[in-house]
Amino acid sequence: MTTAEILKRVRRIEIKTRGLSNHIFAGEYHSAFKGRGMSFSEVREYAPGDDVKAIDWNVTARFSHPFIKVFEEERELTVMLLVDVSSSSLFGTQQRLKRDLITEISAVISFSASTNNDKVGVIFFSDKVEKFIPPKKGRSHILRIIRELIALEPSQNSKGTNVNAALEYLTNALKKRTITFVLSDFVSEPYDAALQLAARRHDIVGIQTYDRHDQELPAAGLIQVKDAETGEMRWLDTDDKQVRYQYGAAFEEQKKYCQTSFRKSGASLVRVRTDEDYVKVLQGFFKGR
């Protein structure tokens, strides 16, 4: 992809996802993720019904009638995106590739965070951490993230997906609490221990992307398939009911592992299919918090 093509696609994604962030997600995002506490804002005169515990006795004594302290929520948060760029994300048989879905959702979250004056950072990973973008604010920073979401590819010697490596990097690199979104199909080496450790320090939200044909193999006769991450080639008789059953059973086993790992760690998990309206899915999740 040329630089001009990348910039054109960045602009197209910015227009779409920034509009969604401003008009749909701003309120839901703000209410879903709390700030780090309350900070002093100002004092004002006491009114009937105010909490007497909030009276500022020094100001009250100075003016000879009661004043109370007013506090407001500290809204500034740090949002981290852990983005799977492994080869398995380059699969999709419906409206889009899993990678395209991850890119759009990441952009929506980034603009939503930026609208709320939050910092955003990214850890790109395959079977290892590919790139770390430290958290910052500002439109130019968000556009840089989108460029990387579009253009970054895994290392040539990369094979497989390792969610564990990304979570361990997060735990070691960011000591302060963050809101962390892990965007992946979670077809990975085991990661439950790293997830539990990361969830103790950070507010973790997994966004699992999948395609209809990750879930079920169509009956299409004898076909040759290639594992996108290992390069292994195989012939499959997709008309064989047992083959299709085993394919679906492997998907369900992986799905169950993912759901169980997130539940045990206390983290949240959202599942989005490539042909689903992710806007409705994310809105439902934000409102549910």
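Numbering that gives the first Met the number 0 puts the first residue of the sequence shown at 0, with every later residue one more than the last. Beta carbons are placed, not taken as given, at the ideal position from N, Cα and C, and that holds for glycine.
Item to check | Test item: CB-CB of Met79 and Leu173 under 9 Å | outcome: For the purposes of this step, residue 79 is taken as residue 80 along the sequence shown, with counting starting at 1. For the purposes of this step, residue 173 is taken as residue 174 along the sequence shown, with counting starting at 1. Cβ atoms of Met79 and Leu173: closer than 9 Å.
Checklist entry - Between Ala198 and Ala266, which are expected to be in contact by the criterion C-beta below 8 Å, what is the C-beta distance as a whole number of angstroms? => result The residue given as residue 198 occupies position 199 in the sequence shown. The residue given as residue 266 occupies position 267 in the sequence shown. Indeed, because the Cβ distance is near 5 Å, the residues count as touching under 8 Å.
Item to check | Tyr209 - partner residues in DSSP beta bridges | outcome: Here residue 209 refers to the residue found at position 210 of the sequence shown. Tyr209 is bridged to Arg272.
Checklist entry - Arg233 lies in the beta strand (DSSP E); which residues open and close that run? => result Translated into the one-based positions of the sequence shown, residue 233 becomes position 234. Looking at the DSSP string, the run of the beta strand (DSSP E) that includes Arg233 is 232-236.
Checklist entry - First and last residue of the beta strand (DSSP E) that includes Gly120? => result Here residue 120 refers to the residue found at position 121 of the sequence shown. Element bounds for Gly120: 118-124.
Checklist entry - Around the Cβ of Leu221, are there at least 16 other Cβ atoms within 10 angstroms (buried) or fewer (exposed)? => result If you number the sequence shown from 1, residue 221 lands on position 222. Exposed is the call here.
Checklist entry - Under three-state DSSP, which class holds Thr160? => result Counting from 1 along the sequence shown, the entry for residue 160 is found at position 161. If DSSP states are grouped into helix, strand and coil, Thr160 belongs with coil.
Checklist entry - What number of angstroms, rounded off, separates the C-alpha of Thr114 from the C-alpha of Glu129? => result Taking the sequence shown and counting its residues from 1, one reaches residue 114 at position 115. Taking the sequence shown and counting its residues from 1, one reaches residue 129 at position 130. The straight-line gap from Cα to Cα measures roughly 27 Å.
Next on the checklist: I'd like to know if the stretch 58-72 and the stretch 99-109 are in contact, where contact means that at least 3 CB-CB pairs between them fall below 8 Å.
Outcome noted: no
Item to check | Local conformation of Lys255 per DSSP, three classes | outcome: As a working mapping, residue 255 is identified with position 256 in the sequence shown. Of the three classes helix, strand and coil, the one that applies to Lys255 here is helix, per DSSP.
Item to check | Distance between Asp226 and Leu166 (C-alpha atoms, nearest Å) | outcome: Taking the first residue of the sequence shown as position 1, residue 166 is located at position 167. Taking the first residue of the sequence shown as position 1, residue 226 is located at position 227. Leu166 and Asp226: Cα-Cα distance of roughly 25 Å.
Item to check | Uninterrupted alpha helix (DSSP H) stretches inside the stretch 88-118 (no shorter than 4 residues) | outcome: 97-114
Next on the checklist: DSSP has Lys68 in a bridge; who is on the other side?
Outcome noted: Counting from one through the sequence shown, the residue named residue 68 turns up at place 69. DSSP output for Lys68 lists Val42 as bridge partner(s).
Checklist entry - What residues in its chain sit with their C-beta under 7 Å from that of Gln93, if we drop five residues either side in the sequence? => result Taking the first residue of the sequence shown as position 1, residue 93 is located at position 94. Hits under 7 Å: Asp210, Arg211, Thr273, Asp274.
Checklist entry - Taking the DSSP output, what are the residues bridged to Gln223? => result Your numbering for residue 223 matches position 224 in the sequence shown. Paired residue(s): Trp234.
Next on the checklist: Determine whether the beta carbon atoms of Leu76 and Ile178 lie at a separation below 9 Å.
Outcome noted: The residue labelled residue 76 in the question sits at position 77 within the sequence shown. The residue labelled residue 178 in the question sits at position 179 within the sequence shown. Yes. Within cutoff.
Next on the checklist: Suppose you measure from the CA of Val269 to the CA of Ile132; what does that come to, to the nearest Å?
Outcome noted: Residue 269 sits at position 270 when you count from the first residue of the sequence shown. Residue 132 sits at position 133 when you count from the first residue of the sequence shown. It is roughly 24 Å from the alpha-carbon of Val269 to the alpha-carbon of Ile132.
Next on the checklist: Taking only three categories from DSSP, how would you classify Val186?
Outcome noted: Here residue 186 corresponds to residue number 187 of the sequence shown, with the count starting at 1. Correct three-state label for Val186: coil.
Checklist entry - For Asp126, does the count of other Cβ atoms within 10 angstroms reach 16, so buried, or fall short, so exposed? => result Taking the sequence shown and counting its residues from 1, the one referred to as residue 126 is at position 127. Classification for Asp126: buried.
Item to check | Exposure label - Arg98; buried when at least 16 CB within 10 Å | outcome: Taking the sequence shown and counting its residues from 1, the one referred to as residue 98 is at position 99. Arg98 is buried by the Cβ-count criterion.
Item to check | Phe131, enclosing beta strand (DSSP E) - first and last residue | outcome: Counting from 1 along the sequence shown, the entry for residue 131 is found at position 132. Unbroken beta strand (DSSP E) run through Phe131: 128-135.
Next on the checklist: For Ile101, tell me which candidate among Leu182, Lys136, Ala164 has the shortest Cα-Cα distance.
Outcome noted: Counting from one through the sequence shown, the residue named residue 101 turns up at place 102. Nearest of Leu182, Lys136, Ala164 to Ile101, Cα basis: Leu182.
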